[in-house]
Amino acid sequence: MKFAMIGAGAMGLRYGILLQEAGNDVTFIDTWQPHIDKIREQGGVYVSRDHKDRHLTKIKLETPESYNDDPDMLIFFTKQMQLAGFLERCSHFFNDKQYAFTCMNGMGHIEKLQQYFADDKIIAGTALIATVLNGPGDVDFMGKRGAGKMNMANLTEKPDEMTHRLFDELQKAQMNPTLTTNFKGTLMTKVIFNSVINTLCTLFEIQMGEFGNFEKAYDLGRQLIDEAYDICERAGITLVSTRDEEMTALDRNTRIDMPLHYPSMYQDMIHDRPTEVDYINGYIAELGREHHYEAHTHIFLTNLVHLSEYHRANE
Ligand code: NAD
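Following my numbering, the numbering of the sequence shown begins with 3 at its first residue and continues without gaps.
Structure follows, in structure tokens:
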């Protein structure tokens, strides 16, 4: 299949390089000039696995303005606040046959994609796959080959032939996809998961294992999970895990699967970039307001992250 990977950061590189290695034609599209310059100077991207086996991988790299091809599928891996800008700059090569796929964290991206793509061309999902961009032109795929997993669903909740082709390519690339027919529930279950781990680990600048092994981790997580689940019940969203299953997944992911990982929100904070908190805890709080439920803990955490961003910006 022919892919355009829009956003060649940590996750764009991980999906794109693995899809390329599985035999697909992938072009990466990015806008961060130091990254673009470094990749061109090196003749590719340095890829490591868990800090080891650092090697140069050749990629095709374009900017939104220089790319003028017709891919079957556009994969979006930008940060939430970057998406509108990428869509506008890339829109000259969009057409109504192309599919848009993304596994970005948070919520807010689907409405933006709908401004450019028909509902039956939008596929989205979630990725429990940890990847770190060490700096321009240098990425670390955390975990062994085949580590991590992901979910995907059609916005229409009706998988078509292209959905199955994408699924097969993701499977060949060892991304371990699961196809669901519950779009909002699939995405929101991950938003809630991130609203605990990403936000708390970022605020306290700790690894996921340091959170998971804390004796009150269950209580902290449960409070956020309960608020978010109450809101989803009011909003009529059927989540794909029960509250207890979500707590078990949090425990497993932090203590056993990725204890040494810092979540992607933390990567933004330490590089003094804005975080996605408004699209994670902030989104849950906003959904609560729409359904007459004040998500006190999520609002408090959103404000704390902004306080930290503000403090770092004024240091
Ligand atoms: P990223 O920040 O690595 O890359 C996104 C874009 O930002 C790219 O265009 C990249 O070139 C650019 N960029 C990176 N560093 C920059 C800097 N210092 N200044 C300016 N631009 C910079 O983002 P990502 O980690 O690939 O995340 C993409 C989406 O996937 C997000 O929604 C994220 O929450 C989600 N996600 C990430 C992970 C992970 O482990 N990284 C896992 C699951 C989901």
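Heads up, the beta-carbon is just placed ideally off N, CA and C, and yes, glycines get one too. Fair warning: this is a prediction, and the values are worked out from it, not measured in the lab.
With H, G and I counted as helix, E and B as strand and the rest as coil, what does DSSP make of residue i?
i           : result
residue 216 : coil
residue 2   : Since the first and last residues shown for the chain are 3 and 317, residue 2 lies out of range.
residue 36  : helix
residue 114 : helix
residue 74  : coil
residue 136 : strand
residue 157 : coil
residue 275 : coil
residue 152 : strand
residue 243 : coil
residue 310 : helix
residue 30  : strand
residue 257 : helix
residue 304 : helix
residue 297 : coil
residue 101 : strand
residue 4   : strand
When the Cα atoms are used, what is the spatial distance from residue i to residue j?
i           : j           : result
residue 105 : residue 217 : 32 Å
residue 314 : residue 137 : 20 Å
residue 311 : residue 55  : 34 Å
residue 41  : residue 57  : 13 Å
residue 116 : residue 84  : 16 Å
residue 287 : residue 44  : 44 Å
residue 24  : residue 176 : 9 Å
residue 270 : residue 188 : 25 Å
residue 20  : residue 179 : 13 Å
residue 146 : residue 282 : 28 Å
residue 279 : residue 90  : 23 Å
residue 191 : residue 30  : 29 Å
residue 263 : residue 164 : 34 Å
residue 135 : residue 142 : 6 Å
residue 92  : residue 66  : 5 Å
residue 1   : residue 181 : An answer regarding residue 1 cannot be provided, because it is not within the stretch 3 to 317 covered by the chain.
residue 229 : residue 86  : 29 Å
residue 38  : residue 94  : 21 Å
residue 166 : residue 48  : 31 Å
residue 82  : residue 88  : 10 Å
residue 249 : residue 219 : 10 Å
residue 223 : residue 35  : 38 Å
residue 160 : residue 255 : 30 Å
residue 301 : residue 221 : 18 Å
residue 238 : residue 277 : 28 Å
residue 183 : residue 251 : 21 Å
residue 212 : residue 110 : 30 Å
residue 298 : residue 151 : 31 Å
Look at residue i and residue j and say whether their C-beta atoms are less than 9 Å apart.
i           : j           : result
residue 196 : residue 108 : yes
residue 98  : residue 158 : no
residue 100 : residue 140 : no
residue 78  : residue 8   : yes
residue 226 : residue 198 : yes
residue 307 : residue 201 : yes
residue 265 : residue 204 : yes
residue 69  : residue 149 : no
residue 61  : residue 11  : no
residue 245 : residue 295 : no
residue 233 : residue 289 : yes
residue 268 : residue 317 : no
residue 103 : residue 168 : yes
Flag residue i as yes if its beta-carbon sits less than 9 Å from any beta-carbon of chain B, otherwise no.
i         : result
residue 9 : Given the protein chain composition of this structure (a single chain), no chain B is represented.
Below 8 Å on the Cβ atoms is my contact criterion, and I expect residue i with residue j to pass it. Report the Cβ-Cβ distance as a whole number of Å.
i           : j           : result
residue 154 : residue 52  : Incorrect: roughly 25 Å between the Cβ atoms, too far for contact.
residue 257 : residue 284 : With a Cβ gap of about 27 Å, residue 257 and residue 284 do not count as contacting.
residue 171 : residue 13  : Wrong, their Cβ atoms sit about 16 Å apart, outside the cutoff.
residue 133 : residue 275 : With a Cβ gap of about 16 Å, residue 133 and residue 275 do not count as contacting.
residue 63  : residue 27  : The pair is not a contact, with the Cβ atoms about 14 Å apart (cut-off 8 Å).
residue 125 : residue 156 : 5 Å
Please indicate yes or no: does the CB of residue i lie closer than 8 Å to some heavy atom of the ligand FMN?
i           : result
residue 299 : In the structure shown, the ligand FMN is absent; the only ligands present are the ligand NAD.
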